[in-house]
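Quick note on our numbering: the sequence shown kicks off at 1 and runs consecutively.
Cβ coordinates follow ideal geometry from the N, Cα and C atoms, glycine included.
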Amino acid sequence: MSEKKDTGQQERDITVHKVPFSQKAYYGISIAGFTFIGSMIDGAMLKYYTDFILFPALLFGFAQLIFAITNALNDPIIGYFSDRTIPVEGKGKRKIWLFRSIPLVAIGYFLMIFMNPDVPHIAIFIMIFIGLTIHDTGHAMFSINRGSLLITVTDDDNERALLVTVSLIFQTILGIFSYLLILIFLTGTTPLPVLYIMFAIVGVIGVGIAILGVKGIKEPPKLYSGQTFPKLNQLIKDVFKSKTFIFYIIFQFVMGAVSSTVITFQLFYFEDVIKATGTEVALASGLTLPFTFLAYYLVQVITKKFGARKTLLIFITISIIAFLGLLLTRIFVLSIIFYMIVNMGNAAFWILSTPIFGNVIDEYELKTGNRNEGTFMGINAIFITPNKQGMIFLFTLIITFMGYNGAVEFQTDSAVLGIQLGVALVPIILLIIGFLILLFFPLRGEKLAEVKKEIKKIYDKRLE
């Protein structure tokens, strides 16, 4: 009898709580639709407004900054109420919020894409702010609840990383296509009506793909069995007493600022620093696609050997070297190679930040008996949501000070240097900070191993 119990215990110890590939695919399809739209906003809007609408770059930066400060406040509210949503058989808990997010993302996007140079700057400023606010509210609903699901459906770090990797494959395919459209249509004198049509088609396709993905996600109520929700004041105390979570917030802020703006600034770098044509950059970017998939594979392989934290430290180091190359070179071929390496570092961050955050939540559950992923993600978003907008504001401040003028074909040497500083030097500084934070991350070594051991016992009961 005792031998059977021992055998059963051993089987539970080696069990990995896997997610079916079909579900991994639906998670990927859902976010791919948002990525198709989001890549257009991140990669095209700054160039669109400065060069086609002739809106001052610094004013665009101010709009982003004000939006970031005011709009971050809705994220913890969304997280708090989504945590308190009661699961419904067939409709889920997080899935309800995923569906709610889609129309908001669409409305915000379409408000921003139909603009005209004859509109007064104050009206353009207000429309950018309103569009970003509505879009980001929907995006927050989606990212908080989808992110919560990713670390709820399994406790295994490698499986969590694989969930993100499969999603990134779908995101990359549509993201590259979106990026190629940006390079083709935003690097020249494309007529505004043509841009309107291109933007609109991207929006319709993105919304359709997102709906398809969300519909396919399964969310059984047993995922939330035994979970309780503390009073708000106790929850806030628990959150800010977590040293691990504080470290994670700072790490996400600096790393997210870099990874979320690479595409936004890349267009300025290639067109104004390297002076490459849109077709040349599109062809070069197409060649990087297989390399991006290789990066996803390498991250998986290295993570299984060294773990998420050490793997990410390796890729941060590689990224710093690549950004240094972008700062020092103006050679087209070398810049393509360096951007390929930067994308490897971004891939590692996107994949591995999820299992690292999952471990933060696992530790919290072991200490308190509660999970509340959505609230944690919402509070986290207060600090990390402004990072992209703050980075854009800093970039526009630098290039404006250095003499950038979107109305001219060729920039001055000073403006070109300003672009290089914004594209490369600022990310290098932030990546060094991120490296040091991760190096001394509280949840590592034996402490992390103990957390994984104990949380697995809970998941064995929850998912049996």
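* Between the Cα of P117 and the Cα atoms of I182, A407, K461, I173, which residue gives the shortest distance? -> A407
* Asked: If we cut at 9 Å on Cβ distances, does L425 have a partner in chain C?
  -> Protein chains in the displayed structure number just one, and chain C is not present.
* Count the other CB atoms within 10 Å of the CB of K453; is the residue buried (16 or more) or exposed (fewer)? -> exposed
* To do: With a threshold of 16 other CB atoms inside 10 Å of the CB of S225, please say whether the residue is buried or exposed.
  => exposed
* **Identified DSSP bridge partners for V88** => G92
* To do: Would you kindly work out how many angstroms separate the C-alpha atoms of M115 and I302, rounded to a whole number?
  => 46 Å
* Asked: If you drop the 5 nearest sequence neighbours on each side, which residues of the same chain put their C-beta closer than 8 Å to that of I382?
  -> A72, L73, D75, P76
* Cβ-Cβ distance between I316 and L438 below 9 Å -> yes
* How would you label D413, buried or exposed, when you count the other beta carbons within 10 angstroms and need 16 or more for buried? -> exposed
* For M141, does the three-state DSSP call read helix, strand or coil? -> helix
* Do L431 and I320 have their C-beta atoms closer together than 9 Å? -> yes
* Asked: Would the beta-carbon of G92 fall within 9 Å of that of I217?
  -> yes
* To do: Please work out which residues of its chain come closer than 7 Å, Cβ to Cβ, to L425, disregarding the five sequence neighbours upstream and downstream, and give them in chain order.
  => L327
* To do: Quick one: grab the DSSP three-state call for F60.
  => helix
* To do: Report yes if the C-beta of S30 is less than 8 Å from at least one heavy atom of the ligand PLP; otherwise report no.
  => Inclusion of the ligand PLP in the displayed structure is not the case, the ligand content being empty and no account of it being possible.
* Close-in-space but distant-in-sequence residues of the same chain around F170 (CB under 6 Å, 5 per side omitted) -> G28, I29, A32
* Asked: So, are the CB atoms of N343 and F291 less than 9 Å apart?
  -> yes
* To do: Measure the beta-carbon distance from F393 to L65 and round it to whole angstroms, keeping in mind my assumption that it falls under 8 Å.
  => 4 Å
* **Where I182 falls, given that 16 or more other Cβ within 10 Å makes a residue buried** => buried
* K18 in three-state terms, based on DSSP -> coil
* Taking just the CA atoms, how far does T277 sit from I246? -> 44 Å
* Asked: If we ignore side chains and look at the alpha-carbon of each, how far apart do R330 and Q411 end up?
  -> 14 Å
* Got a sec? Which residues, its chain only, sit under 7 Å from I466 by beta carbon, not counting five neighbours each side? -> Because the chain is modelled from 1 through 464, residue 466 falls outside the range shown and cannot be assessed.
* Asked: Expressed to the nearest angstrom, what Euclidean distance is found between the alpha-carbon atoms of I37 and V299?
  -> 26 Å
* Asked: Going by other Cβ atoms of all chains shown within 10 Å of its Cβ, with 16 needed for buried, is L352 buried or exposed?
  -> buried
* To do: Determine, using beta carbons only, whether I107 and I134 come nearer to each other than 9 Å.
  => yes
* To do: Kindly indicate which three-state DSSP category N372 falls into: helix, strand or coil?
  => coil
* Between G79, P120, I86, which lies nearest to S101 when the distance is taken from Cα to Cα? -> G79
* Asked: Can you tell me whether S22 is buried or exposed, with buried defined as 16 or more other CB within 10 angstroms of its CB?
  -> exposed
* **Buried versus exposed, by CB contacts within 10 Å (16 or more), G208** => exposed
* Counting Cβ pairs, one atom from each stretch, are 3 or more of them under 8 Å apart for the region 46-55 and the region 367-383? -> no
* Using a threshold of 9 Å, state whether the C-beta atoms of I384 and I249 are closer than that. => yes
* **Spatial distance of L267 from G43 (CA atoms)** => 8 Å
* **Span separating the alpha-carbon of E89 from that of E219** => 8 Å
* **Burial state of P355, where buried means 16 or more other Cβ atoms lie within 10 Å** => buried
* Asked: According to the neighbour-count rule (16 or more other Cβ atoms, all chains shown, within 10 Å of its Cβ), is V105 buried or exposed?
  -> buried
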